[in-house]
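**Student:** Protein chains in written order, with the working numbering: chain A, 8 to 252; chain B, -9 to 311. Beta carbons: idealized from backbone N, C-alpha and C, even for Gly. What you are looking at is a predicted structure, and each value in this text was computed from that prediction instead of being measured.
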C-alpha cells in the first residue's frame, strides 16, 4: 500500500509570536521550526503501517527550502522518500490545490495529515483535498485500523467520539492517540541522507484569499489577587465587576 | 442573494453556538443588505423556529428527513450545497465544530468560494471583504481578505456573542431527501457524555490540572461546574495519564475554548495550555504556587490551596443564588 504524509513546517509551540514590516510578516529570527505536532502523529502512524501493512511512505511538504530539515527528519523517523513542492504556502486553498495536483498523478491508498497546522489553524486542508479529488476525508482521527481496503476509525466530536467504517482510499487528519510519537534514531538519521528527496515545481493554481496583516491580542490589564480567606470577594468581583456569573 | 447559516442541534434543540452563528449572519446581513436563511436537519422541536427568529433568522429551512440525524459529513455538505444554489446563497456561515468545518470546506470547493475558519469578529467591509481569524493557537490574529465572490465563514465561539435581532424565523419544510449515493462512511457508534454541557458551548469552563493530585478529587470540580452551569475541562498531563477523557483536554493540542469565564484550578499555565484558553473573556486562576505562570495571564487569582478555596467558592455561590 502507498501512503502519503503531508507535513507542515511551523514555529515550535513555545515560540514567541511577533510580526515585522508593518505587521505584514512573521518575525522568524530566533524561532525554532518543527514538524507540526499533529503531523508527528501522522508520520508515526504511517511508519507503524509500514511494518504491519508493508506500506511505502512518501512525505510531502508545500514550502521553500527552509522546510527541508523537517522533511529530512520525517525520513529519519522512517518515511521512504520525500517530496517538496517548491512554493510559498500562500493560502489554504492554494496548499490544498498543490497537494491535490500531486495526488492526482500518483495513486495513494492512504493520505495522512495533521488535524490542523499550528500556525494558521485552518484545519480544513484534508477536507478541501478530499472534495477536490472525490476521496473521503475525516478529521480529527484518533484511531485508525486497516484490514485490506476496509478502514475502522475513531473520530473526536464535541463531548466524545464517533466510530466510523469506510474504505480506502482515504484522507485522515490525525491527532493523539493515533500512534506513539516516534523520534529519529542514529541509524534513521544516517539512512535519511541517502533516501530519495525530490523538489518539484509548483502546480498552476489559484488563491482565494490574501493576507492583509497580522495583529497581536490585547494584553491583559494585570491580575487582581484575592486573599484565599476572602473567597466571597472573588464572587463579588466576578458578579459585579466582570459580570460573568 | 442570501446568507445561508447551517444550524447544529443537541437532540432536537439548536445549539447555542449555532444561535451565535445566526446573530453573526444577522449583523452581517445589515451591512450587505440580504436575508438570513438558516438550515437545520432532522428532528426539531416546534419552538425552535421562534428561537432562530429571535436572533435574526428570516427563514428557517427544516429538512425533516430524519435519516439526516445519522448522516455523515459528505451528505450534509451536498444537501447544503443544493440549498446554497436554490436560495442564491453567496455567503455561508457556520459555528465551528467537528461536523461544520469539514462541511464548510467541501462547500467552498463545490461553490468556488473563499473560505475562512476560526473567524473571531464580524467582517470588515470597508474596502474589501476582510475577516479576522485567530492564528498561532490564539497567540495572534490574521486579517484575511476573501477574494472570491462567494464566501464561506466558520466562526469561533464568542466571535460576536448572542445578539437579539427579532425576525420571523418562519419555518419552511424542505422535502430534500438524503441521497444514499453520497454516504461515504458508516457511523457505527457514538460515545458521548450526555447531560453535560459541551466545552465549546459553555459560557463558563472550569478546568483542573495536576494540582488536584488524583482523579478522585474531581468531585469538587464537578460540584463547582454544577452550581455555575459550567463545562469541565482539564490540562494535558491530566488527560495523558487518563484521570480525565481526552475530549476534556483544553489546550493547544486539545480543545480550544473561548468562554466568558474560564476558571483554572491547580493548572500551572504552560504556554500550550494558555494557547487553548487565551480567547476567554475573563480568566480566574486558583493555584497554591504564586510563581505559576498562569497568574501572569489571568484577570483574577487566588494564591491558595484549591482543596480549601474551591469548597468555599461553591458555598458562596450557593448562598448567593
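Are residue 86 of chain B and residue 141 of chain B close, meaning C-beta to C-beta below 8 Å?
**Tutor:** Cβ atoms of residue 86 of chain B and residue 141 of chain B: not closer than 8 Å.
**Student:** Which value, in whole angstroms, describes the spacing of the CA atoms of residue 233 of chain B and residue 148 of chain B?
**Tutor:** Their Cα atoms are separated by approximately 29 Å.
**Student:** Measure the alpha-carbon distance for residue 81 of chain A versus residue 181 of chain A and round it to whole angstroms.
**Tutor:** In a straight line, the C-alpha of residue 81 of chain A is about 16 Å away from that of residue 181 of chain A.
**Student:** In the DSSP output, which residue or residues are listed as bridge partners for residue 164 of chain B?
**Tutor:** Residue 164 of chain B pairs with B:53.
**Student:** Per DSSP, what are the beta-bridge partners of residue 179 of chain B in this structure?
**Tutor:** Its beta-bridge partners are A:170.
**Student:** On the three-state DSSP scale, how would you describe residue 193 of chain A?
**Tutor:** Reduced to three states, the DSSP call for residue 193 of chain A is helix.
**Student:** Residue 36 of chain B: buried (16+ other C-beta within 10 angstroms of its C-beta) or exposed?
**Tutor:** Per the 10 Å Cβ criterion, exposed.
**Student:** With distances taken from CA atoms, which of B:8, B:0, B:130, B:63 is nearest residue 220 of chain A?
**Tutor:** Minimum Cα distance to residue 220 of chain A is reached at B:130.
**Student:** From the DSSP secondary-structure annotation, give me the bridge partner or partners of residue 16 of chain A.
**Tutor:** BP columns for residue 16 of chain A point to A:42.
**Student:** Does the distance from the C-beta atom of residue 144 of chain B to that of residue 69 of chain B stay below 8 Å?
**Tutor:** No.
**Student:** At a Cβ threshold of 8 Å, is residue 70 of chain A touching chain B?
**Tutor:** No, its Cβ sits nowhere closer than 8 Å to a Cβ of chain B.
**Student:** Measure from the alpha carbon of residue 279 of chain B to the alpha carbon of each residue in B:206, B:134, B:256, then state which is nearest.
**Tutor:** For residue 279 of chain B, the nearest C-alpha among the options comes from B:256.
**Student:** At which residues does the alpha helix (DSSP H) containing residue 139 of chain A begin and terminate?
**Tutor:** Its alpha helix (DSSP H) spans residues 132 to 140.
**Student:** Counting only C-beta atoms, is residue 133 of chain B closer than 8 Å to chain A at any point?
**Tutor:** At least one chain A Cβ lies under 8 Å of residue 133 of chain B.
**Student:** Can you confirm whether residue 200 of chain B, when its beta carbon is compared against all beta carbons of chain A, has any partner nearer than 8 Å?
**Tutor:** Not an interface residue.
**Student:** Just to confirm before moving on: does the CB-CB distance between residue 121 of chain B and residue 100 of chain B stay below 8 Å?
**Tutor:** No, these two residues do not count as a Cβ contact at 8 Å.
**Student:** Assign residue 231 of chain B to one of two classes, buried (16 or more other C-beta atoms within 10 Å of its C-beta) or exposed (fewer than that).
**Tutor:** It counts as exposed.
**Student:** Indicate whether residue 196 of chain A and residue 86 of chain A have their beta-carbon atoms separated by less than 8 Å.
**Tutor:** Against a cut-off of 8 Å, the Cβ pair of residue 86 of chain A and residue 196 of chain A comes out as no contact.
**Student:** Taking any Cβ of chain A, which residues in the stretch 161 to 178 of chain B have a Cβ under 9 Å from it, in chain order?
**Tutor:** Going along the stretch 161 to 178 of chain B in chain order, one finds 174, 175, 176, 177, 178 with a Cβ nearer than 9 Å to chain A.
**Student:** Give me the chain A residues within the contact set of residue 181 of chain B, using Cβ-Cβ distance strictly less than 9 Å, ordered along the chain.
**Tutor:** Near residue 181 of chain B (Cβ distances below 9 Å), the residues of chain A are 161, 167, 168, 169, 170.
**Student:** Assign residue 2 of chain B to one of three DSSP states: helix, strand, or coil.
**Tutor:** In this structure, residue 2 of chain B counts as coil in the three-state DSSP scheme.
**Student:** Closer than 9 Å, Cβ to any Cβ of chain A: which residues of the stretch 89 to 107 of chain B, in chain order?
**Tutor:** Those would be 89, 91, 92, 93, 94, 95, 96, 97, 98, 99, 100, 102, 103, 104, 105, 106, 107, in chain order.
**Student:** Does residue 106 of chain A come out as helix, strand or coil in the three-state DSSP assignment?
**Tutor:** Helix, per DSSP.
**Student:** Buried or exposed for residue 7 of chain B, please, with buried defined as at least 16 other CB atoms from any protein chain shown within 10 angstroms of its CB.
**Tutor:** Buried, because 16 or more other Cβ atoms sit within 10 Å of the Cβ of residue 7 of chain B.
**Student:** Do the stretch 135 to 144 of chain A and the stretch 47 to 57 of chain A make contact, defined as three or more Cβ pairs closer than 8 Å?
**Tutor:** No: the two stretches stay apart, fewer than three of their Cβ pairs being nearer than 8 Å.
**Student:** Whose CA, out of B:77, B:302, B:182, lies closest to the CA of residue 214 of chain B?
**Tutor:** Comparing Cα positions, the closest option is B:302.
**Student:** Please tell me whether residue 227 of chain A has its Cβ less than 8 Å away from any Cβ of chain B.
**Tutor:** Yes, contact with chain B.
**Student:** Can you grab the Cα-Cα spacing for the pair residue 152 of chain B / residue 218 of chain B, in whole Å?
**Tutor:** Approximately 19 Å, taken between the alpha carbons.
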